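Just so you know, the sequences run in chain order A and B.
Each residue of the first sequence is one higher than the one before, counting from 1240 in the working numbering.
Each residue of the second sequence is one higher than the one before, counting from 1240 in the working numbering.
What follows is a short report on a single structure.
Protein chains: 2
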Amino acid sequence: MINMRTDYLDSLTNTDFDRSEAQQFRGKCRTGEHSGPTTGFCMKFVQANLVILPKSYAYDFLLFCQRNPKPCPLLEVTEQGSYTPSILAPSADLRTDLPKYNILQSGTITDQVPNISEYWSEDLVSFLLGCSFSFEEALLSAKIPVRQIEENKNVPMYATSIPCRDSGVFRNSKLVVSMRPIPVEMVNDAINVTARFPTVHGSPVQIGKPEEIGIEDINKVDYGESVTINEGEIPIFWACGVTPMKAIIDANLPFAITHAPGHMFITDKLNSELNIFSI
Amino acid sequence: MINMRTDYLDSLTNTDFDRSEAQQFRGKCRTGEHSGPTTGFCMKFVQANLVILPKSYAYDFLLFCQRNPKPCPLLEVTEQGSYTPSILAPSADLRTDLPKYNILQSGTITDQVPNISEYWSEDLVSFLLGCSFSFEEALLSAKIPVRQIEENKNVPMYATSIPCRDSGVFRNSKLVVSMRPIPVEMVNDAINVTARFPTVHGSPVQIGKPEEIGIEDINKVDYGESVTINEGEIPIFWACGVTPMKAIIDANLPFAITHAPGHMFITDKLNSELNIFSI
């Protein structure tokens, strides 16, 4: 278990904190030594979703994120043509430092590759978005159970009836949510803990009434795996990073690159640095 | 004084809440009945800074806001050519509903007008940004004094040495901060109250050490008016909405429109709805 207090103090004295664990992990992705999912690795560090688009779609996508901040919490946008995330990890190379990438052409995944050097061009803009791994660390630190971690599964995710706000070519998308069952006496804490992390989806979008957001059967997931909901637990729904991925697929862009699901970008930032009370 | 608890409950039942006070106030701006500053009017409602730019600068400015969220907390970006802020106030008209506008040409204020209909074109994009009036209401509700309100002055503001992150034509700007002196025993509360409102500048950027951010003389303001700092009070500095205004002037854009200082856009949103624990 992570000692949040120590992380927090470390983050205040910033330059002293040892970020080599994240740098070393990215090095292993670069050489191909690590090619699997990133779940459970570099637990203290912020993991990010990656979306790479031609510049001609960058404004629409940037505005889609601004209009839908809960599913699309934007942490960094690179300069056009640059593969350096200078805020989140200045020593990283976005072309090589993730374990696996999806190549999308006309809304279809046409290739899955361990690096994107051959697909890179000066026309591309990279977007890094927050992911729920960061707030799950905070939930665990607050002794709130995270069921899919206990059951060693992927988080249950559902398509909902909640419309996203449109932006340019990104139209008519619906919100995708993740679900975690929380003991009724801990619901308050779970809301407050996650609300402190707006850059990684923030507070829940729905509590205990899946039918209100178009989820007919809680045991039938649209993505991920279903988990046990015990007596005395309430299903809580958070906005999910699959939303922007789906919006990109729905938009049928001629070309896009994303991380492969679960194969995230490990940044130099600590999860605790995203806490709204420390930024 | 506003009863925050009632506002909060009203905001949860959203559609029931009477937003006519804001609509009526905007109507008075439209007809010219109200032409002065908006300080002290529609106190429950979010007031917003307005920036209007040609579409060719919209990406750079949107990214400038994303990269500098504390001084530039973006609440809404309209569709190109649209003067309707459909999220914040769907019945409003941004061309007429503010009491006063500044017209900028090549970085200089060339006109100050009560409506911008004659300057409007299909090429324009409007940006609405959060302002500190919203968190000041929360400070007052928490019984934390706000000195410039007590002294009936404009808030003291200072140019700092803190660099903004560049984006396109918006380069080499420095952060402008506002200052409020807070009794030492209330500093904790002042931080926590404002941290809950990241869309209106959020937590402070500096506490008690003006010299660390390039402010040589606390009694010499760069904008606004200086206020009394009593024995036992600590000057606290928050990111300020003058920052993006200065960035626009510094960038020497051929054309831009902003609200006139203090003459803000009154939205239909309640301040309490921006609390991170309620969104």
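Virtual Cβ for every residue (Gly too), placed ideally from N, Cα, C.
Everything numeric in this text was worked out from a predicted model, so none of it was measured.
Exclusion of the five residues before and after E1315 (chain A) leaves P1324, I1326, L1327 and L1367 as the residues of its chain whose Cβ lies within less than 6 angstroms of its Cβ. Contacts with chain A (Cβ-Cβ distance below 8 angstroms) from the segment 1417–1441 of chain B involve I1430, N1431, A1434, R1435, P1437 and G1441, listed in chain order. Secondary structure at R1419 (chain A): strand, using DSSP grouped into helix, strand and coil.
For P1420 (chain B), the closest alpha carbon among the candidates B:R1404, B:I1457, B:F1436 and B:F1409 is that of B:I1457. Classified as exposed, P1493 (chain A) has fewer than 16 neighbouring CB atoms from the shown chains inside 10 Å of its CB.
Listed by position along chain A, the residues whose Cβ is nearer than 9 angstroms to that of Q1305 (chain B) are L1301, C1304, Q1305, L1313, E1315 and V1316. DSSP lists A:I1342 as the bridge partner or partners of D1350 (chain A).
Take T1335 (chain A), set aside five residues on each side of it, and the residues of its chain with a beta-carbon closer than 6 angstroms to its own are R1269 and N1354, in chain order. Exclusion of the five residues before and after N1514 (chain A) leaves R1435 as the residues of its chain whose Cβ lies within less than 6 angstroms of its Cβ. Near chain B, meaning a CB-to-CB distance below 8 angstroms, no residue of the segment 1452–1472 of chain A qualifies. Burial check for Q1305 (chain A): the Cβ neighbour count within 10 Å reaches 16 or more, so the residue is buried.
Taking a C-beta cut-off of 8 angstroms against chain A, the contacting residues of the segment 1278–1299 of chain B are A1297 and Y1298, listed in chain order. A distance of 8 angstroms or more separates the beta carbons of Y1340 (chain B) and A1486 (chain B). Contact between I1505 (chain A) and Q1286 (chain A) holds: CB atoms are separated by about 6 angstroms, below the 8 angstroms threshold. Of the residues A:S1400, A:N1307, A:H1440 and A:P1308, the one whose Cα lies closest to the Cα of E1455 (chain A) is A:S1400. Annotation: L1337 (chain B) is outside any alpha helix (DSSP H) and is labelled neither H nor E by DSSP. Judged by DSSP secondary structure, F1504 (chain A) falls outside any alpha helix (DSSP H) and instead within the beta strand (DSSP E) spanning F1504 to L1509. Within the segment 1482–1509 of chain A, no residue places its CB atom closer than 8 angstroms to a CB of chain B. Against chain A, a Cβ distance below 8 angstroms from I1515 (chain B) picks out A1434, R1435, P1437, G1441, S1442 and I1515. Between the alpha carbons of P1443 (chain B) and P1310 (chain B) lies a gap of roughly 11 angstroms. Between D1362 (chain A) and K1294 (chain A), the CB-CB gap stays under 8 angstroms. Note on geometry: alpha-carbon atoms of S1380 (chain A) and A1297 (chain A) lie some 37 angstroms from one another. Between the alpha carbons of Q1445 (chain A) and I1475 (chain A) lies a gap of roughly 6 angstroms. For V1364 (chain A), the enclosing beta strand (DSSP E) begins and ends at L1363 to G1369.
In this structure, the straight-line span from the alpha carbon of M1425 (chain B) to that of S1417 (chain A) is close to 38 angstroms.
Scanning B:C1403, B:P1384, B:K1459 and B:N1393 for the CA closest to the CA of P1276 (chain B) turns up B:N1393. Between the beta-carbon of A1377 (chain B) and that of V1432 (chain B) there is about 5 angstroms, and that keeps the pair under the 8 angstroms contact cut. Judged by their CB atoms, T1482 (chain B) and C1403 (chain B) are nearer to each other than the 8 angstroms cut-off.
Burial is judged here by how many other beta carbons sit within 10 angstroms of a residue's own beta carbon; N1307 (chain A) has at least 16 and is buried. Measuring C-alpha to C-alpha distances from V1352 (chain A) to each of A:T1497, A:L1509 and A:F1516 identifies A:T1497 as the nearest. Cβ-Cβ distances below 6 angstroms link A1490 (chain B) to V1408 and F1409 in the same chain, with the five nearest sequence neighbours on each side left out; the list follows chain order.
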